[in-house]
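Enquirer: Residue numbers (my numbering): 9 to 789. Don't be surprised by glycine CBs; every beta carbon is placed ideally from N, CA and C.
1) Let me know the beta strand (DSSP E) ranges lying completely inside the stretch 699 to 761, each 3 residues or longer, listed in chain order.
2) Determine the burial state of residue 377: buried for a count of at least 16 other Cβ atoms within 10 Å of its Cβ, exposed for fewer.
3) Who does residue 509 pair with in a DSSP beta bridge?
4) Let me confirm a value: residue 170 is counted as buried when at least 16 other C-beta atoms fall within 10 Å, else exposed. Which label applies?
5) Spatial neighbours of residue 235 within its chain, please: CB distance less than 6 Å, with the 5 preceding and 5 following residues excluded, ordered by chain position.
6) Tell me the DSSP secondary structure of residue 809 in three-state form.
7) Is the beta carbon of residue 462 less than 8 Å from the beta carbon of residue 543?
8) Which residues in the same chain as residue 310 place their Cβ atom closer than 6 Å to its Cβ, once the five residues preceding and following it in sequence are excluded?
9) Taking the Cβ atom as the reference point for each residue, do residue 85 and residue 54 lie within a distance shorter than 8 Å?
10) Give every residue of the same chain whose Cβ lies closer than 7 Å to the Cβ of residue 594, excluding the five residues on either side of it in the sequence, and list them in chain order.
11) CB residue 532 to CB residue 540, shorter than 8 Å?
12) Roughly how far, in whole angstroms, is the beta-carbon of residue 232 from the beta-carbon of residue 138, given that I think they are within contact range, below 8 Å?
13) Taking the alpha-carbon positions, what's the residue 189 to residue 710 distance?
14) When DSSP builds the beta bridges, which residues end up paired with residue 449?
15) Which term fits residue 402, buried or exposed, when burial requires 16 or more other beta carbons within 10 angstroms of its beta carbon?
16) Could you check whether residue 685 and residue 733 sit closer than 8 Å to each other, using their CB atoms as the reference points?
17) Return the chain-ordered list of same chain residues with a C-beta closer than 6 Å to the C-beta of residue 788, the five sequence neighbours on each side being excluded.
18) Can you tell me where the beta strand (DSSP E) holding residue 557 begins and where it ends?
19) So, with DSSP's three-state summary, where would you put residue 613?
20) Give the secondary structure of residue 161 by DSSP, where H, G and I count as helix, E and B as strand, and everything else as coil.
21) Below 8 Å between beta carbons: does that hold for residue 762 and residue 697?
22) So, are the CB atoms of residue 182 and residue 229 less than 8 Å apart?
23) Quick one: is residue 678 buried, meaning 16 or more other Cβ sit within 10 Å of its Cβ, or exposed?
24) Which residues bound the beta strand (DSSP E) around residue 242?
25) List, from N- to C-terminal side, the beta strand (DSSP E) runs of 3 residues or more that fit wholly inside the stretch 187 to 265.
26) Between the stretch 613 to 627 and the stretch 566 to 584, do three or more beta carbon pairs fall short of 8 Å?
27) Ordered along the chain, which non-local residues of its own chain (more than five positions away) have a Cβ less than 6 Å from that of residue 510?
28) Check whether the Cβ atoms of residue 215 and residue 261 lie closer than 8 Å to each other.
29) State whether the stretch 425 to 437 contacts the stretch 388 to 397, with contact taken as three or more CB pairs (one from each stretch) at a distance under 8 Å.
30) Tell whether a beta-carbon distance below 8 Å holds between residue 153 and residue 688.
31) Would you identify the three-state DSSP class for residue 536, choosing helix, strand or coil?
32) Based on the DSSP secondary-structure assignment, which residues constitute the bridge partners of residue 647?
33) Quick check on the DSSP output: what are the complete beta strand (DSSP E) runs of length 3 or more inside the stretch 44 to 100, in order along the chain?
34) Rounded to whole angstroms, what's the CA-CA distance from residue 396 to residue 204? Just pull it up for me.
35) What separation, rounded to the nearest whole angstrom, lies between the Cα atoms of residue 35 and residue 218?
36) Residue 377 by DSSP, collapsed to three states: which one?
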């Protein structure tokens, strides 16, 4: 293991040898547009801060700065009638041209200069209609945060109010179940973009989306604007970057996670169209062979993603994006006497296989100078296979306890118009229609015989409409109001959801924000088709389930403590209602506690829940080669099922603390180089479980839970430290990086559940993964 790592380091060191070279330079280029409707801004001034290097944007809004020295640089953009922007500490690298899309805000009144840090102020999302509980998710963070393995979900756990329930990357937002999160890409809803994704969840083992393809995106945790529907807890609004339209560039990396290769460039010189393609092959099985605890099943995955940009001149712009991922884990059951006796866990076999993909066609056109029309047609599909089997006796028959096949595919048509009446008024409205096709078959054993729990195929339609208006009467005050409506054709259920938000700037360093919204979400498809045995008949009692609903209330305060320091506080309350719970009898069961899978219960929309808390975020934006992000979340998450008792949800950890920091040093040597060190600490109050009834378990020789204390016990507090170091070297036309990181640096034993062991007659704690090294080499050229 260590020999291979040392060999990797040696090869990298050997490649960096050579004589001293002149300082490498690179091109910084981009486009300057109006933030609201993306009209080009011709004649904007772009200058390199601290130098005389400057240019202006051409008739297409493009600018170009040549021969910029590599390293950290800052540029200033100004345009008459718009707020001046300063982009600090941009990373200019020899291996890849830096291309920026700069969105400028029209100045309502004469005001002070707006300073935006690292492309934009991270306290402010890209979507200007999101005024609370939202922040920009920068691709630079994705690459920098310690041992994040370029996974957007694993980076998001560093934000206020967000945690993860285990080794996967499912996101628990403000105590809500992971499936309350909406994934969106390039303006259209997409299926769960993760490998090893089980049905009924928004997470998985690792993201299908490589950071090579992403640009700055938005992450929202409550009271989101009216354009987003079918979600209760949050929105991950992913945006893709365009390929280089002037030069062909390539990126290759190899790490303990897998091989990642990307290529981008132009179709024809002078045309302006571009392509960007990324392929990744994961081999976590290699980590298993090196003795690392990353699961007990052979593990592999592959994914491909792309973004193609095709300007159509006066007919607007067409882009084609897509992604696809395949992944599986498989273990084989053994029945020979030696294995059966000495390794009882190998009596069981398991298959988990998930495939997900999407493709979208996005056409954008300006209708006059004040209206943008965006039309999207997208197709997506996901499949999941799950099998469990075991031998009950030596050389006996193989008994299947589970055999599931789930297939879903969607055709989506989205039409959205944005009209800017003036610098004070903006209107955005549209519709998106999802044509759903499904084939769901869930079979589970009853007395060692497989029985159908879900068996249904067909199609239905989910239709969404929205209208939202933004009003900026003064430079200090912004207000937005909107309404979202959706209808599910399966059972003709519908929901109407008003939303609003406002932001008031107290002075140049402080502002208050307020948000409110009603939100609704349909059930995972399998919940509608659960088959319940009633006497000699099988019925499907859940076909008429309505939308789960939530009211969000958020009050926020932000203050800039110093030039690069910001403190943010948010107080929130969520009231969830019409939640599916057991119908017909008092029970503790609620779908809010499902981590994944479908609910095989007769359900009715009579449940409730409430999540409330306080979030504090202290952030030092990247400056002088240092950044810091620290959050503290104090919250309660409780639910009421059909027995009318209030209990903690399984996600009610009560406290969540994160600390992320990093420092970069410029190194002296034959070539420009730098060393970056990043640290991430994650802590929470521990996962909720139902206690085990020890004496009944002892008598019956199997795990028996104390159902009088549902989720009444907290496991020990969760703690994990991740550390990462990156050594980056600039060549004349390439940039090389050596990354060495460690997940769970202290090898902390974090429990996630417990079970009764009939052999030892003790209650065993089951733990998450221990220490995991993440090492790799990356080259941009």
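Expert: Per the coordinate set shown:
1) Secondary structure remark: continuous beta strand (DSSP E) runs of at least 3 residues inside the stretch 699 to 761, in chain order: 726 to 738, 743 to 751.
2) It is exposed - the Cβ of residue 377 has fewer than 16 other Cβ atoms within 10 Å.
3) Under DSSP, residue 509 shares a beta bridge with 488, 523.
4) Residue 170 counts as buried, since at least 16 other C-beta atoms from the protein chains shown sit within 10 angstroms of its C-beta.
5) Excluding sequence neighbours, residue 235 sits near 474.
6) This structure gives no information on residue 809, because the portion of the chain shown stretches from 9 to 789.
7) Cβ distance not < 8 Å, so residue 462 and residue 543 don't count as in contact.
8) 289, 334, listed in sequence order.
9) A contact, by the Cβ cut-off of 8 Å.
10) Within the same chain, residue 594 has close Cβ partners 650, 651.
11) Not in contact: residue 532 and residue 540 (Cβ atoms no closer than 8 Å).
12) At roughly 6 Å, the Cβ-Cβ gap stays under 8 Å, so residue 232 and residue 138 are in contact.
13) Rounded to the nearest whole angstrom, the CA to CA distance from residue 189 to residue 710 is 35 Å.
14) Note: residue 449 sits in a beta bridge opposite 413, 463.
15) Counting Cβ neighbours within 10 Å, residue 402 comes out exposed, since fewer than 16 surround it.
16) Residue 733 is a Cβ neighbour of residue 685, given a cutoff of 8 Å.
17) Closer than 6 Å at Cβ, skipping near neighbours: 103, 104, 259, 743.
18) Start and end: 556 to 570.
19) Note: residue 613 maps to strand in three-state DSSP.
20) Here residue 161 carries a helix assignment [DSSP, helix/strand/coil].
21) A contact, by the Cβ cut-off of 8 Å.
22) Judged by beta-carbon spacing, residue 229 lies within the 8 Å limit of residue 182, meaning their Cβ atoms are closer than that value.
23) A residue is called buried once 16 or more other Cβ atoms fall within 10 Å of its Cβ, and residue 678, having fewer, is exposed.
24) In the DSSP annotation of this structure, the continuous segment of the beta strand (DSSP E) that includes residue 242 starts and ends at 242 to 248.
25) Correct list: 189 to 193, 222 to 228, 242 to 248, 257 to 263.
26) Verdict: yes, contact present.
27) Result list for residue 510: 487, 522, in chain order.
28) Contact: no.
29) No contact exists between the stretch 425 to 437 and the stretch 388 to 397.
30) Yes, these two residues count as a Cβ contact at 8 Å.
31) Taken through DSSP and simplified to helix, strand or coil, residue 536 comes out as helix.
32) Its beta-bridge partners are 617, 655.
33) Runs of the beta strand (DSSP E) inside the stretch 44 to 100: 53 to 56, 62 to 64, 70 to 77, 79 to 86, 93 to 100.
34) Taking the CA atoms as reference points, residue 396 sits about 16 Å from residue 204.
35) Between residue 35 and residue 218, the C-alpha separation is close to 24 Å.
36) In the three-state reduction of the DSSP assignment, residue 377 falls in the coil class, being assigned neither a helical nor a strand state.
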